[in-house]
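Residue numbers (this note's numbering): 1132 to 1526.
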């Protein structure tokens, strides 16, 4: 007999829902990829800590690092201390650096494990930032701390820079300085304002094509210092256009949580291999890790049909999780981790579990089931019923 429960509907009523009962896909042991794939990983809050959760962060370190080991076991790299980990949205710089240190330590036990870590300026009091030089010093402080741990950098978009920069030339100055000092090639990070409104007009203009010109110019001036660029604009055509312009060997890491399957599969365009496909640095891979691993394994074996068959059904879920206001997507990612038994509670840093409605969670549950992503269906149903009961829905 199928598992069932009562869920809210879009019309505000309640209706029975029976799970489809399809077993989640499991990747082959020792799966290999022909794409580099980073999952931007979430953090697990400590619900027992005696703190004010809106003002302070407390992390369950054991469970947080156990989830990274889970991602490593699936062949996925970890993009650490990024916005999926609530960086700058509940997770401060000292805690971020400790998270980076612990992840790098965990990776040492896993041959070939990839970790790239967010380097930004979020430790600065933005009201005290008056000049581009202040931004440079902020980046250099975090850069030195991460590189002292042996970490690879993801140079995150800076709210402070977006605030004080007067022109594209200011961005060129900052990035030229940072890239010239990097000990190993970095991943650049272009996060659209749908993810963070404070980043509107990044690269010195609100014109996306002109902004792209500036970013490509910076990369072209330092091709040996740039491993790739992650862009999260939720516009596949812009990503493809930029991908085709990148210097030889510089990768496009898709951050498009709406169109990732198509972008990773690629179109084969161009004389350079990196022009015809995207690698991945995605928040949604945290929530769909086993499916992502299995799909990437199929793609590496030349089975594009199987790749799309596995990953395609996850796209509606991702579009729901990343629906506007997009910056609240972390709530859906953590909700999935709770449903699937990777943490014991649905509590988030900063109390962010409150940013989505019960209707949102109900539709997320249905979409996760349809995409074969509920790893322990009985547990998922029990936990969904717990959330429903907290909102006055029994049955």
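For glycine and all other residues, C-beta sits at the position ideal for the given N, C-alpha and C.
Beta-bridge partners of residue 1417 (DSSP): none assigned. In the displayed model, residue 1408 falls within coil according to three-state DSSP, outside both helix and strand. In the DSSP assignment, residue 1133 falls outside any beta strand (DSSP E) and carries neither an H nor an E. Shown here for residue 1408: same chain residues with a beta carbon closer than 6 Å to its own, the five before and five after excluded, namely 1397 in chain order.
Assignment of beta strand (DSSP E) within the region 1190 to 1271, counting only whole runs of 3 or more residues, yields 1208 to 1211, 1246 to 1250 in chain order.
In this structure residue 1233 does not touch residue 1185 by the C-beta definition: roughly 24 Å separates them, more than the 8 Å allowed.
Contact between residue 1168 and residue 1502 does not hold, since the beta-carbon distance rounds to 18 Å and is not under 8 Å. A distance of 7 Å or more separates the beta carbons of residue 1226 and residue 1171. Between the region 1371 to 1385 and the region 1419 to 1432 there are fewer than three C-beta pairs closer than 8 Å, too few to call the two in contact. Residue burial annotation: residue 1400 is exposed, with fewer than 16 other C-beta atoms found within 10 angstroms of its C-beta. DSSP assignment within the region 1322 to 1384 yields the following whole beta strand (DSSP E) runs of 3 residues or more, N-terminal first: 1357 to 1363.
In this structure residue 1178 is not in contact with residue 1493, their Cβ atoms being roughly 23 Å apart against a cut-off of 8 Å. Distances from the alpha-carbon of residue 1523 to those of 1286, 1210, 1489 put 1489 closest. Taken atom to atom, the span from the alpha-carbon of residue 1135 to that of residue 1373 is near 46 Å. In this structure, the CA atom of residue 1405 is about 32 Å from the CA atom of residue 1499.
For residue 1280, the secondary structure class from DSSP, reduced to helix, strand or coil, is coil. Residue range 1299 to 1312 is occupied by the alpha helix (DSSP H) that includes residue 1311. Between residue 1299 and residue 1356, the CB-CB gap reaches or exceeds 7 Å. Residue burial annotation: residue 1264 is exposed, with fewer than 16 other C-beta atoms found within 10 angstroms of its C-beta.
Contact annotation: the region 1261 to 1280 does not touch the region 1327 to 1337, with fewer than three C-beta pairs closer than 8 Å. With three or more CB-CB distances shorter than 8 Å, the region 1240 to 1249 counts as touching the region 1204 to 1223. Exclusion of the five residues before and after residue 1189 leaves 1177, 1180, 1182 as the residues of its chain whose Cβ lies within less than 6 Å of its Cβ.
At least 7 Å separates the beta-carbon of residue 1508 from that of residue 1284. In the DSSP assignment, residue 1293 falls within the unbroken alpha helix (DSSP H) covering 1290 to 1295.
Apart from sequence neighbours up to five positions away, the residues of its chain that approach residue 1354 with a beta-carbon distance below 8 Å are 1378, 1379, 1380, 1381, ordered along the chain.
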